[in-house]
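Have a look at the structure below before the remarks.
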Amino acid sequence: MKWKNETKFHITGLNQEKLLNELSKKVDLSEIERNAKNDTTFKCSYFEHKKVLKVLKNKNVNLKAVEHEGVAFRVKQLLSCYGLIAAVVVISVLYFLQSGFVLQYEVSGVDRLSAEEIVAFVKTENPSMRTIIDTETVESSLMSEFDGISFVSCIVKGQTLVINIKEKLMPDEMYGEFKPIAAKKDAKITEINLISGTLNVKVGDVVQAGDELVSPYMIDTSGNLKKVEAKAEIKAEVYNEGSVDHYETFIEVNRTGRTAVLSEITLFGLEIYNFKEEFDFKMYDVEFEETSLVKNLFLPFKMKKTVVYELAENVVESKFDEVKEEYIEKARKKALENCENCDTIKDEFYTLRHLAGVTIVNYCIVTEEVISV
Numbered sequence: 000m001k002w003k004n005e006t007k008f009h010i011t012g013l014n015q016e017k018l019l020n021e022l023s024k025k026v027d028l029s030e031i032e033r034n035a036k037n038d039t040t041f042k043c044s045y046f047e048h049k050k051v052l053k054v055l056k057n058k059n060v061n062l063k064a065v066e067h068e069g070v071a072f073r074v075k076q077l078l079s080c081y082g083l084i085a086a087v088v089v090i091s092v093l094y095f096l097q098s099g100f101v102l103q104y105e106v107s108g109v110d111r112l113s114a115e116e117i118v119a120f121v122k123t124e125n126p127s128m129r130t131i132i133d134t135e136t137v138e139s140s141l142m143s144e145f146d147g148i149s150f151v152s153c154i155v156k157g158q159t160l161v162i163n164i165k166e167k168l169m170p171d172e173m174y175g176e177f178k179p180i181a182a183k184k185d186a187k188i189t190e191i192n193l194i195s196g197t198l199n200v201k202v203g204d205v206v207q208a209g210d211e212l213v214s215p216y217m218i219d220t221s222g223n224l225k226k227v228e229a230k231a232e233i234k235a236e237v238y239n240e241g242s243v244d245h246y247e248t249f250i251e252v253n254r255t256g257r258t259a260v261l262s263e264i265t266l267f268g269l270e271i272y273n274f275k276e277e278f279d280f281k282m283y284d285v286e287f288e289e290t291s292l293v294k295n296l297f298l299p300f301k302m303k304k305t306v307v308y309e310l311a312e313n314v315v316e317s318k319f320d321e322v323k324e325e326y327i328e329k330a331r332k333k334a335l336e337n338c339e340n341c342d343t344i345k346d347e348f349y350t351l352r353h354l355a356g357v358t359i360v361n362y363c364i365v366t367e368e369v370i371s372v
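FYI, in numbering that gives the first Met the number 0 the residues of the sequence shown are 0 to 372.
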């Protein structure tokens, strides 16, 4: 299908040059073809074709054919389909009717209570119409029905009734459980400031992420174990590493510049027309774009455009000595991403490993950080 909005005329008769001169003063003509002395075809904008028809009719010109092209003509054809318009109107009415009801229920904050039981109770005890449903009534009925609820709030969002619930705390949860302090990174401990709890490490120890540094208990003077909150500030030297690989030969994939366009027009998600350019790309990349075809029109015509880009493989050769500094900087940036506090950098160094056709650059930044969490 052609996208440009044009009308093609095929006329026969005498004095066509004079007629074309007169038409060109009123409308813009294009693609004028004189097939014979008395046989001519030409095009004009679809939106001006009525002016041309009026002139041809007044001049009694023999009109052999009129062909319309473009999106505007197709849309006009669709709008003239009264059955389709009636179906759209019916669908719209049904949509507006059903939009007045709550169709979904969303329950959050439940752990011990059953979300399915809560939804079933709300559906049974309350109406589903949005204009009738009373959220305060829903909240009070839930509080009365379920003993495990300490607080509940309800709100209607669109066609969803959102129910937020806070459950009552059990005795164990009210008193809480003390947790140990664990290391958040691999490091070497340099300083310890213990506030409460039992220390499991000492200065100079090397620990891994997740190791327990301070336990949440202490032994009193009588030898009894007493649970306490573990509190401590533990500093350590952290080795933040970043690594990149350099290949002397590798394959690079790039776009060649050749493209193919695939377009389709949809109405309510159903395909009406499509246009596809043929392509024979062995490798390709795809990008999608969806736009509204018309503005200020009730019918939601949309056009989905797909652009296919041809890809080609290129063999790239690179010597490490020529790009050494670039790869060292890449490795350093990766190492810096692991540093939480770059103001406390104590040392930096890198190492190189050469394998068969591959050079591995490993950069290490030593920082002093608090590793207790």
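Quick reminder that beta carbons are idealized off the backbone N, C-alpha and C, glycines included.
Residue i by DSSP, collapsed to three states: which one?
i           : result
residue 273 : strand
residue 38  : strand
residue 130 : coil
residue 361 : strand
residue 376 : In this structure the chain extends from 0 to 372, so residue 376 is not present and cannot be described.
residue 33  : strand
residue 151 : strand
residue 220 : coil
residue 75  : helix
residue 70  : helix
residue 190 : strand
residue 205 : strand
residue 354 : coil
residue 175 : Annotation note: pLDDT 49 at residue 175 (below 50); position unreliable, coordinate value reported separately. In the structure shown, residue 175 sits in coil (DSSP, three-state: anything other than H, G, I, E or B).
By the 10 Å Cβ neighbour count, where 16 or more other Cβ atoms means buried, how is residue i classified, buried or exposed?
i           : result
residue 125 : buried
residue 254 : exposed
residue 22  : buried
residue 218 : exposed
residue 73  : buried
residue 371 : buried
residue 48  : buried
residue 239 : buried
residue 6   : buried
Looking at residue i: is its Cβ nearer than 8 Å to the Cβ of residue j?
i           : j           : result
residue 333 : residue 241 : yes
residue 199 : residue 107 : no
residue 44  : residue 4   : yes
residue 307 : residue 278 : yes
residue 303 : residue 287 : yes
residue 150 : residue 112 : no
Kindly indicate the opening and closing residues of the beta strand (DSSP E) around residue i.
i           : result
residue 289 : 283 to 291
residue 103 : 103 to 107
residue 45  : Unbroken run through residue 45: none, as it is neither H nor E.
residue 249 : 248 to 266
residue 161 : 159 to 166
residue 214 : 211 to 214
residue 7   : 5 to 11
Span of the alpha helix (DSSP H) holding residue i?
i           : result
residue 120 : 114 to 124
residue 57  : 48 to 57
Can you give, in chain order, each stretch of the alpha helix (DSSP H) that sits fully within the stretch 290 to 351 and has at least 4 residues? 319 to 336
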